Amino acid sequence: TLRVTLFLVISFMMIQNSFAQRPIIQTKYTADPAPMVYNDTVFLYTGHDADDAMGFKMFNWLLYTSTDMVNWTDHGVVASLDNFDWVPYDNGAWAPHCIERNGKFYFYCPIPNGIGIGVLVADSPYGPFVDPLGKPLIQNSHHDIDPAVFIDDDGQAYLYWGNPKVYYVKLNEDMISYSGDIMVEETTPANYQEGPWVWKRNEHYYMAYASTCCPEGIGYAMSSSPTGPWGYKGMIMDATELSRGNHPGIIEFKGKWYCFGHSYDLLKLTTTKFYERRSVMLDEMIYNADGTIQNRPYWT
Ligand code: FUB
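Letter by letter, the sequence shown follows residues -20 to -1, 1 to 280 of mature numbering (1 follows the signal peptide of the UniProt record, and there is no 0).
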């Protein structure tokens, strides 16, 4: 009875969904969304939870594209752990981040358990991606997960990452090396867990992140500088049982702002058990006049 009720509730919610279907990808389990806007197209890079995953079982990264935020084209595997000679195992393709600079595409990949954060480079957002360093870009601690890159108006690029603290470093213009010390945010934004995502709108800097645990929602903080201090402002997406873990990805596309995350909605259609088989979610993100962001209780 519980399964039938869940199925009916979720089916009803999917019919209500303005993004045509929820979760937006229903043919594979996708996690850790990393959307990038390039040439009027959204390139959505994701992690890939194996169909039989019971914990984290992630071998490669996927790519989907859309020009309308409704229809998504599946481009399959865009990179995998095989792209890195120095990674000692095949399970650990965690939350990536892709960004374009000067016509090249930089794909930052965290390999957990202290292996480090690698970077792949391509001439096209579709790849092929190659490893220019042959070693990790970041090998700082056991907390080297969830990289996210932000390029400020003055051209300075910053790489953020970490769980349970936020680390950051200034990337050089080549995007595959850095200058200065690795810094740790002195004041970790309230309820920060992991998955930082930094952007700027008007004069405000924003950092969204997986917030509270567990379940995780998506919280955010604001600052007048890309290096903080960050002041917690609230939840973009509340934490609920269906969001157990979460991971934000935020873009502006054709005049609207969107927040991506992930949930267990697809898994829950087939079982009431919990496994790491996640699905990317999407919602429009609305700002208030003062720059703060409206809260949503769940993906609509
Ligand atoms: O997908 C593996 C890990 O789960 C990510 O690195 C975290 O952000 C969480 O989503």
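Every residue, glycine too, gets a C-beta built ideally from N, C-alpha and C. Fair warning: this is a prediction, and the values are worked out from it, not measured in the lab.
### Message
Is proline 90 close to the ligand FUB? I mean its beta-carbon at under 7 Å from any heavy atom of the ligand.
### Response
Counted from its first residue, the sequence shown places residue 90 at position 110. It does: the Cβ of proline 90 is within 7 Å (strictly closer) of some heavy atom of the ligand FUB.
### Message
I'd like the list of long-range same chain contacts for glycine 208, defined as Cβ closer than 6 Å, with 5 residues on each side in sequence excluded.
### Response
Your numbering for residue 208 matches position 228 in the sequence shown. Correct list, in chain order: Glu165.
### Message
Whether or not the region 7 to 17 and the region 255 to 265 are in contact is what I'm after, with contact meaning three or more pairs of Cβ atoms, one per stretch, closer than 8 Å; do they touch?
### Response
yes
### Query
Under the rule that 16 or more other beta-carbon atoms within 10 Å means buried, what is tyrosine 69, buried or exposed?
Numbered from 1 along the sequence shown, position 89 holds the residue referred to as residue 69. Exposed.
### Query
Going by beta carbon distance, what residues of the same chain come within less than 6 Å of aspartate 218, once the five residues before and after it are set aside?
For the purposes of this step, residue 218 is taken as the residue at position 238 of the sequence shown. Around aspartate 218: Gly197 and Pro277.
### Query
What are the boundary residues of the beta strand (DSSP E) that residue 282 is part of?
What is shown of the chain runs -20 to 280, which leaves residue 282 out entirely.
#### Entry: For leucine 24, the first and last residue of its enclosing beta strand (DSSP E)
Locating residue 24 in the sequence shown gives position 44, where the first residue counts as 1. Leucine 24 -> beta strand (DSSP E) spans 21 to 29.
### Message
Measuring alpha carbon to alpha carbon, tell me which residue in Ser46, His28, Ala33 and Thr7 is nearest asparagine 19.
### Response
Taking the sequence shown and counting its residues from 1, the one referred to as residue 19 is at position 39. Put simply, of Ser46, His28, Ala33 and Thr7 the residue whose alpha carbon is nearest the alpha carbon of asparagine 19 is Ser46.
### Task
Specify the secondary structure class of aspartate 245 as computed by DSSP and reduced to three states.
Walking along the sequence shown from the start, residue 245 turns up at place 265. DSSP places aspartate 245 in helix when its eight states are reduced to three.
### Task
Ignore the nearest five residues each way along the sequence and tell me which others in methionine 155's own chain have a CB closer than 6 Å to its CB.
Position 175 of the sequence shown, counted from the first residue, corresponds to residue 155. For methionine 155, where only same-chain residues beyond five positions count, the Cβ hits under 6 Å are Arg81 and Tyr86.
### Message
Tell me the residue span of the beta strand (DSSP E) that contains alanine 11.
### Response
Translated into positions along the sequence shown, residue 11 becomes position 31. Element bounds for alanine 11: 9 to 18.
### Message
Let's test the definition: count the other Cβ atoms within 10 Å of the Cβ of isoleucine 266 and tell me whether it reaches 16, buried, or not, exposed.
### Response
Here residue 266 refers to the residue found at position 286 of the sequence shown. Around the CB of isoleucine 266, fewer than 16 other CB atoms lie within 10 Å, so the residue is classed as exposed.
### Query
Around the Cβ of methionine 215, are there at least 16 other Cβ atoms within 10 angstroms (buried) or fewer (exposed)?
By one-based count along the sequence shown, residue 215 stands at place 235. Buried, since its Cβ has 16 or more Cβ neighbours within 10 Å.
### Query
Where does isoleucine -6 sit, in a helix, a strand or coil, going by DSSP?
Locating residue -6 in the sequence shown gives position 15, where the first residue counts as 1. Caution is warranted here: a pLDDT of 42 is assigned to isoleucine -6, below 50, making its placement in the model unreliable, and the coordinate value is therefore given only provisionally. In this structure, isoleucine -6 counts as helix in the three-state DSSP scheme.
### Message
Does asparagine 40 come out as helix, strand or coil in the three-state DSSP assignment?
### Response
As a working note, residue 40 is residue 60 in the sequence shown. Strand, per DSSP.
### Straight-line gap, proline 90 to alanine 75 (C-alpha atoms, nearest Å)
Numbered from 1 along the sequence shown, position 110 holds the residue referred to as residue 90. Numbered from 1 along the sequence shown, position 95 holds the residue referred to as residue 75. In a straight line, the C-alpha of proline 90 is about 6 Å away from that of alanine 75.
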